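A.B. asks:
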Ligand code: FES
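In the numbering used here, the protein residues as written are 10 to 169.
#1: Quick one: does the C-beta of residue 82 sit closer than 8 Å to a heavy atom of ligand 1?
#2: Excluding the five sequence neighbours on either side, which residues of its own chain have a C-beta within less than 6 Å of the C-beta of residue 27, listed in chain order?
#3: Please report the straight-line C-alpha distance between residue 79 and residue 130, rounded to a whole angstrom.
#4: Three or more beta-carbon pairs under 8 Å between the region 84 to 91 and the region 47 to 54, yes or no?
#5: Name the residue from 96, 34, 157, 76 whose alpha carbon lies nearest to the alpha carbon of residue 113.
#6: Can you determine whether any heavy atom of ligand 1 sits closer than 8 Å to the C-beta of residue 142, and answer yes or no?
#7: What first and last residue would you give for the beta strand (DSSP E) that runs through residue 69?
Okay, structure coming up:
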């Protein structure tokens with residue numbers, strides 16, 4: 010059950026409006042979940058419960074969809090996605106070491122978000138910059154030939 014004060018929250022009000030609009034289309038669940046993730050930044054259980062209640066469907070059905078598609082997340086995302094390429098070229102050129110250095114620098118593991126909420130580290134396949142391997146991507150920027158923690162620190166501080 011969703012507490013009344015949460016219902017007054019702008020985000021829930023926005024989501025309720027979205028649900029009302031999208032309810033009319035066929036199979037609206039994925040569209041609604043996409044919007045909910047845009048509104049909240051992620052899909053915590055409370056949001057899933059709210060959607061279940063509004064659509065009058067079991068929350069398990071929603072949970073099943075959220076966990077099936079990897080573009081849905083149940084944990085808060087950072088302001089920036091830091092995507093580390095684990096494609097073949099990057100892997101061969103030291104992506105595992107790059108992941109380790111990033112983990113140490115950020116204090117998180119793959120899939121986690123930094124305490125300050127700035128970065129979420131994820132693994133991706135080839136991003137088309139193999140000649141710069143190993144690479145990671147933040148937003149539109151691709152950073153390549155990363156072979157030291159100093160380089161990483163210098164790049165990350167641009168986002169803080
Ligand atoms: S394998 Fe990493 S950019 Fe291609």
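Note that beta-carbon positions come from the ideal geometry of N, C-alpha and C, so glycine has one too. This structure is a prediction, so every number in the text was calculated from the model and none was measured.
C.D. replies: Concretely, from the data shown:
#1: The sequence position of residue 82 within the chain shown is 73, counting from 1. Answer for residue 82: no, Cβ out of range of ligand 1.
#2: Counting from one through the chain shown, the residue named residue 27 turns up at place 18. Answer for residue 27: 44, listed in chain order.
#3: Working through the chain shown from its first residue, we reach residue 79 at position 70. Working through the chain shown from its first residue, we reach residue 130 at position 121. Near 14 Å, if we compare the C-alpha coordinates of residue 130 and residue 79.
#4: yes
#5: As a position in the chain shown, residue 113 is number 104, starting the count at 1. Checked all of 96, 34, 157, 76; the closest Cα to residue 113 is 157.
#6: As a position in the chain shown, residue 142 is number 133, starting the count at 1. Because some heavy atom of ligand 1 lies under 8 Å away, the Cβ of residue 142 counts as near it: yes.
#7: Working through the chain shown from its first residue, we reach residue 69 at position 60. Not the beta strand (DSSP E): residue 69 falls in the alpha helix (DSSP H), residues 68 to 77.
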